[in-house]
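Participant: Pasting a structure here, questions to come.
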Amino acid sequence: MTKTNAGNFFEDFKVGQVLRHATPRTVTEGDAALYQALFGSRFSLQSSAEVARKAGYATAPIDDMLAFHIVFGKTVPDVSLNAVANLGYADCRFLRPVFPGDTLSTESKVIGLKENSNGETGVVYVRSTGRNQRDETVIDYVRWVMVRKRDKAAKAPEEDVPHLPAAVGAEHLVAPAGTSFKGFDTGASGSPHLWDDYEVGEKIDHADGITIEEAEHMMATRLYQNTAKVHFNQYTEGKGRFGRRLIYGGHVISLARALSFNGLSNAVLVAAINGGRHVAPCFGGDTVFAWTEVLDKAELKGRSDIGALRLRTFATKDRPCADFPGVKEKGYEEGVILDLDYWALIPRR
Amino acid sequence: MTKTNAGNFFEDFKVGQVLRHATPRTVTEGDAALYQALFGSRFSLQSSAEVARKAGYATAPIDDMLAFHIVFGKTVPDVSLNAVANLGYADCRFLRPVFPGDTLSTESKVIGLKENSNGETGVVYVRSTGRNQRDETVIDYVRWVMVRKRDKAAKAPEEDVPHLPAAVGAEHLVAPAGTSFKGFDTGASGSPHLWDDYEVGEKIDHADGITIEEAEHMMATRLYQNTAKVHFNQYTEGKGRFGRRLIYGGHVISLARALSFNGLSNAVLVAAINGGRHVAPCFGGDTVFAWTEVLDKAELKGRSDIGALRLRTFATKDRPCADFPGVKEKGYEEGVILDLDYWALIPRR
Amino acid sequence: MTKTNAGNFFEDFKVGQVLRHATPRTVTEGDAALYQALFGSRFSLQSSAEVARKAGYATAPIDDMLAFHIVFGKTVPDVSLNAVANLGYADCRFLRPVFPGDTLSTESKVIGLKENSNGETGVVYVRSTGRNQRDETVIDYVRWVMVRKRDKAAKAPEEDVPHLPAAVGAEHLVAPAGTSFKGFDTGASGSPHLWDDYEVGEKIDHADGITIEEAEHMMATRLYQNTAKVHFNQYTEGKGRFGRRLIYGGHVISLARALSFNGLSNAVLVAAINGGRHVAPCFGGDTVFAWTEVLDKAELKGRSDIGALRLRTFATKDRPCADFPGVKEKGYEEGVILDLDYWALIPRR
């Protein structure tokens, strides 16, 4: 028997099956520095241990999206090594902060299966849970991917498509226990705008553009131990659909989030991802821009110090966002590569 | 009102105005490792906690230039986002070491203004001060930049050009309190040459050349949270003056300083930057070389263990420095990109 | 006298001479994060402090090859700055784990010299020893390099070629003291295969390919403070033999080792390198693949929890390894760039 892991194919998944993913990973200040160098984020809570301590944290927490990517990366060898496409995310919640020294592990439960009519692929739904060394859940989310069958003749499983919420209800959002953002230092963030100042429907251009280099997205994606072949192997991808390596969709999310500091400087935490679409592929050499629309505002139960903004962030490539390019009648406007719907937390007055 | 920060224009600055810059930043061993990977410095004091402890430090301090870049980076969104050119530095002093765990913040005071005769731009002089979490000044310097006016019709301010020293006087140099470099281990640095061995007028070729990749200078510049658009956005710069991204001038300074280990191995600290000119732009793919002339030597008040060398370091691109290319009758010799005048500290016999 | 170090030439070496190399280097979690980002390793012992603690370590040790590269890098300015070729390694043993906070220094002893008949070069054999801050040996190895003579007329030294073992005997392998891999968590590594499951002669394709970018290999090599000119200077190399920068051979070793996780997931430690050949040069843009043959198995004296596998890992460029390309009648099959013979340690049932 070969000892090489070829990943799971569609017929290897069963509803109810639990996959424990390799490898647990201790997150460090080194990871935070790399994330800083790769994305250039400036949110004060993650940038400054002093700001974090004033808010009641032991030290600066790891960027929420870095924690997400690490939790996500572990699922790739078991869930999506033979994926044709990442179809979506839903019901993703950030439940506890991650600090340097914490060790993250991920487990996934298969919650749905649906073979495609061509008999060659099927959709696998998993709920993945990232836990720390105390077995506390830090991140929990659903994703679904289209996976190849090993054998076209393999019998289709009973179709079982889970019901997923269109968005995480505000009542399910969690602000970290033991924290308080009363008197949050807006001088440290450089922006006076707090929860109270944002209006539903408001659009914010994040102004800057960042060009992605091959070395950057590969370093980021390896940092997360994400092994998806399309990101790393020019020899194979050079002969493939695009003729080049495809950038991990999460890389674009992290860039858009970092860019969003300009306009959302005090939105220091990601509380939930309601859904996300990678509308078009992104490649080395592309310049990424972003803008955000405020979809909703919500108070958090028991917290008068911090509130939630539901945000829809669009990222584009090679197209500035001053005119807010987004959806059009059918699909998306030219240049749009990401349509992300998420809840951020931001201090209140 | 838009929440996007468009940066200050010339008419937004007033002499005496104090700008508190976002975002405070906790420096870590992760930052030090990235700086190591990006520049390849080998100075023993920053490389080895053991060498640092023997000199009286609690642990290895952060490279002086890394601290400078972090302090500097914070000023960009407020001071130079709409700059046409960085014109100069002066009177930059390094007053206290920075250690992993320290949190750096920067504040700038506007100390001079001078509108240009074209009415479209003006020169802004700021004194920027980097402080740690104990509110101690670690770095203090003046820089002046040419900034665009938002509105050509805006009234010119009264011209007020500060008097700046041509160089930091040796009497203003500070060797870190509580340290002693007596019996400094030259075996650990690989070079026997100490303060006593350098002569004024001596020229040193640093020999090696390092090619800069786009990913490298962008990672470095984001590590400092420097948001100057010209370094990151190929989409826009591709249509601009050079057709490509411009490398942050500080990147060349750091490369030249790292290269200078070969010939100045024991010059472990930067005490002051007297001035610096970025003579020509530097781009991805350029190979940087450097050489140094010893301009002056000075004793430090109350310290017999360590002295100061005033150094003039030239960096070139795509031109080795064995023949010491520098100034010529008018301007600079072909290939010169940096003319830096600084004080380094180096142990004495 | 110039203060620039031009490196040693063949006639500068004497048998018995001891070279103390600059610069001691404190290894940190930042270095580990960079190594992670650059190579994407997934071995659980180095990835998770929790896994390491269960095995009796104080925390996650630094990757063995990262420690090796740091120990090796220090030797370059003194041993191989004027080398024409790295000819080989032998008798390399990993004797103690390295942890974040440890400071590594390297010393080399010249153990052999042999001038070449052309009178222009000679072979220098050195035994290099890496020690931590407690003066304990962590890595010890022999390498030999062909070095230029400064002066062709310089008298040849007496020929003195050391006897070197073809491989490190299993009786000389060391499993870290104070550790136990009993009940090693194969769920954390994602593979059930332990020492007992591997058979001599077994071949394992590591499946994935990773394309190397210029920024990546230069950042890695600077992280190790390795100053070999050929890796960094496109200006000079552009005019040289290959027209481009050459990638540090150790970079390929680290990539191959990281890739080997797929098939050797539980082979968490490198105990010895028996020998290695860099069969062909590797350049930016090349995609590296790897496969491994099990050459031998050995028990370790006094340890029933962990055993040794002698492995021969081949790396290729731009050639997948499903058909196990290796040696042919004369030399190597097309695409092979590395032939590495090493001992790994892997838990037993």
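Protein chains in written order, with the working numbering: chain R, 340 to 688; chain H, 340 to 688; chain G, 340 to 688.
Note that the Cβ used here is the ideal one computed from N, Cα and C, for glycine as well.
Is Val463(G) closer than 8 Å to Val481(G) when the C-beta atoms are compared?
Facilitator: No, the Cβ-Cβ distance between Val481(G) and Val463(G) is not below 8 Å.
Participant: In this structure, does DSSP put Glu454(H) in helix, strand or coil?
Facilitator: Note: Glu454(H) maps to strand in three-state DSSP.
Participant: Measuring alpha carbon to alpha carbon, tell me which of Val633(H), Pro620(H), Tyr681(H), His360(H) ends up nearest Ser467(H).
Facilitator: Measuring from the Cα of Ser467(H), the nearest candidate turns out to be His360(H).
Participant: Taking three-plus beta-carbon pairs below 8 Å as touching, is the stretch 412 to 423 of chain G in contact with the stretch 564 to 576 of chain G?
Facilitator: Counting Cβ pairs under 8 Å, three or more are found: they touch.
Participant: Any C-beta of chain H sitting closer than 8 Å to the C-beta of Asp351(G)?
Facilitator: Taking Cβ atoms only, chain H never reaches closer than 8 Å to Asp351(G), which makes this a no.
Participant: In this structure, does DSSP put His693(H) in helix, strand or coil?
Facilitator: No statement about residue 693(H) is possible, as the shown extent of chain H runs from 340 to 688 and does not include it.
Participant: Could you check what DSSP says for Pro416(R) in three-state terms: helix, strand or coil?
Facilitator: In the structure shown, Pro416(R) sits in a helix (DSSP, three-state: H, G or I).
Participant: According to DSSP, is Tyr671(R) part of a helix, a strand, or is it coil?
Facilitator: In the structure shown, Tyr671(R) sits in a strand (DSSP, three-state: E or B).
Participant: Using a beta-carbon distance below 8 Å, is Ala527(R) in contact with chain G?
Facilitator: False, the Cβ-Cβ gap to chain G never drops below 8 Å.
Participant: How would you write the range of the beta strand (DSSP E) that Arg649(R) sits in, first residue to last?
Facilitator: Here the beta strand (DSSP E) through Arg649(R) covers 642 to 656.
Participant: Using a beta-carbon distance below 8 Å, is His590(G) in contact with chain R?
Facilitator: It does not: the Cβ of His590(G) has no partner Cβ on chain R nearer than 8 Å.
Participant: List the residues of chain H whose Cβ lies closer than 7 Å to the Cβ of Ser419(R), in chain order.
Facilitator: Correct list: empty, because the minimum Cβ distance to chain H is about 26 Å.
Participant: If we define contact as Cβ-Cβ less than 8 Å, is Ala442(H) a contact residue for chain R?
Facilitator: Per the sequence shown, the amino acid found at residue 442(H) is Thr instead of Ala. So, interface residue.
Participant: When you check each C-beta in the stretch 529 to 555 of chain H against every C-beta of chain R, which residues fall closer than 9 Å?
Facilitator: Listed by position, the residues of the stretch 529 to 555 of chain H near chain R (Cβ gap below 9 Å) are Glu552, Glu553, Ala554, Glu555.
Participant: For Ala345(G) and Asp351(G), what's the separation of their Cα atoms in angstroms?
Facilitator: Each residue's Cα considered, the two are about 12 Å apart.
Participant: Start and end of the alpha helix (DSSP H) containing Thr300(G)?
Facilitator: Given a span of 340 to 688 for chain G in the structure shown, any question on residue 300(G) remains unanswerable.
Participant: Any residues in the stretch 345 to 376 of chain G with a beta carbon nearer than 8 Å to a beta carbon of chain R? Which ones, in chain order?
Facilitator: Taking 8 Å as the Cβ-Cβ cut-off against chain R, the residues of the stretch 345 to 376 of chain G that qualify are Thr367, Glu368, Gly369, Asp370, Ala371, Ala372, Leu373, Gln375, Ala376.
Participant: Would a C-beta distance cut-off of 8 Å place Ala637(R) and Ala629(R) closer than the cut-off?
Facilitator: Taking 8 Å as the Cβ cut-off, Ala637(R) and Ala629(R) do not qualify as a contacting pair.
Participant: Need the endpoints of the alpha helix (DSSP H) that Arg487(R) sits in, please.
Facilitator: That residue, Arg487(R), is in no alpha helix (DSSP H); its beta strand (DSSP E) goes 476 to 487.
Participant: Rounding to the nearest angstrom, what Cα-Cα distance links Phe438(G) and Gln472(G) in this structure?
Facilitator: So the two alpha carbons sit approximately 11 Å from each other.
Participant: For the beta strand (DSSP E) containing Lys636(G), list its first residue and its last residue.
Facilitator: Run containing Lys636(G): 626 to 639, per the beta strand (DSSP E) assignment.
Participant: Among Pro659(R), Leu562(R), His617(R), His545(R), which one has its Cα closest to the Cα of Val366(R)?
Facilitator: Checked all of Pro659(R), Leu562(R), His617(R), His545(R); the closest Cα to Val366(R) is Leu562(R).
Participant: Would you list, in chain order, the members of the stretch 566 to 580 of chain R that have their beta-carbon closer than 8 Å to a beta-carbon of chain G?
Facilitator: Listed by position along the chain: Thr566, Lys568, Phe571, Asn572, Gln573, Tyr574, Thr575.
Participant: Name the residue from Tyr587(G), Ala376(G), Gly517(G), Val539(G) whose alpha carbon lies nearest to the alpha carbon of Cys621(G).
Facilitator: Measuring from the Cα of Cys621(G), the nearest candidate turns out to be Tyr587(G).
Participant: Excluding five sequence neighbours on each side, which residues of the same chain lie with their C-beta closer than 6 Å to the C-beta of Arg688(H)?
Facilitator: Within the same chain, Arg688(H) has close Cβ partners Leu533, Asp535.
Participant: Are the Cβ atoms of Pro504(G) and Asp430(G) separated by less than 8 Å?
Facilitator: Going by C-beta atoms, Pro504(G) is nearer than 8 Å to Asp430(G).
Participant: Which one of Val465(H), Gly589(H), Val609(H), Lys342(H) has the shortest CA to CA distance from Ile676(H)?
Facilitator: The option with the nearest alpha carbon to Ile676(H) is Gly589(H).
Participant: Quick one: Cα of Phe348(R) to Cα of Lys488(R), how far?
Facilitator: Roughly 5 Å between the two C-alpha positions.
Participant: Taking the beta strand (DSSP E) that His545(H) falls in, what are its first and last residues?
Facilitator: Per DSSP, His545(H) belongs to no beta strand (DSSP E) and is neither H nor E.
Participant: If Ser383(R) sits next to Thr362(H), beta carbons under 8 Å apart, how far is it from one beta carbon to the other, in whole angstroms?
Facilitator: That pair is a contact at about 5 Å.
Participant: Leaving out the 5 sequence neighbours to the left and right, which residues in its chain are closer than 8 Å to His617(H) when beta-carbon positions are compared?
Facilitator: So the qualifying residues of the chain are Asn425, Gly588, Val591, Ile676, Leu677.
Participant: Measure from the alpha carbon of Tyr428(R) to the alpha carbon of each residue in Phe407(R), Leu434(R), Ala394(R), then state which is nearest.
Facilitator: That would be Phe407(R), whose Cα lies nearest to the Cα of Tyr428(R).
Participant: Pick from Val607(G), Gly461(G), Leu512(G): whose alpha carbon is nearest that of Lys640(G)?
Facilitator: Checked all of Val607(G), Gly461(G), Leu512(G); the closest Cα to Lys640(G) is Leu512(G).
Participant: Determine, using beta carbons only, whether Ile549(G) and Leu594(G) come nearer to each other than 8 Å.
Facilitator: Going by C-beta atoms, Ile549(G) is nearer than 8 Å to Leu594(G).
Participant: Excluding five sequence neighbours on each side, which residues of the same chain lie with their C-beta closer than 6 Å to the C-beta of Gly615(G)?
Facilitator: Cβ neighbours of Gly615(G) beyond the five flanking positions: Tyr428, Leu679.
Participant: Could you tell me the distance, in whole angstroms, from the CA atom of Glu454(G) to the CA atom of Asp499(G)?
Facilitator: One C-alpha to the other measures close to 10 Å.
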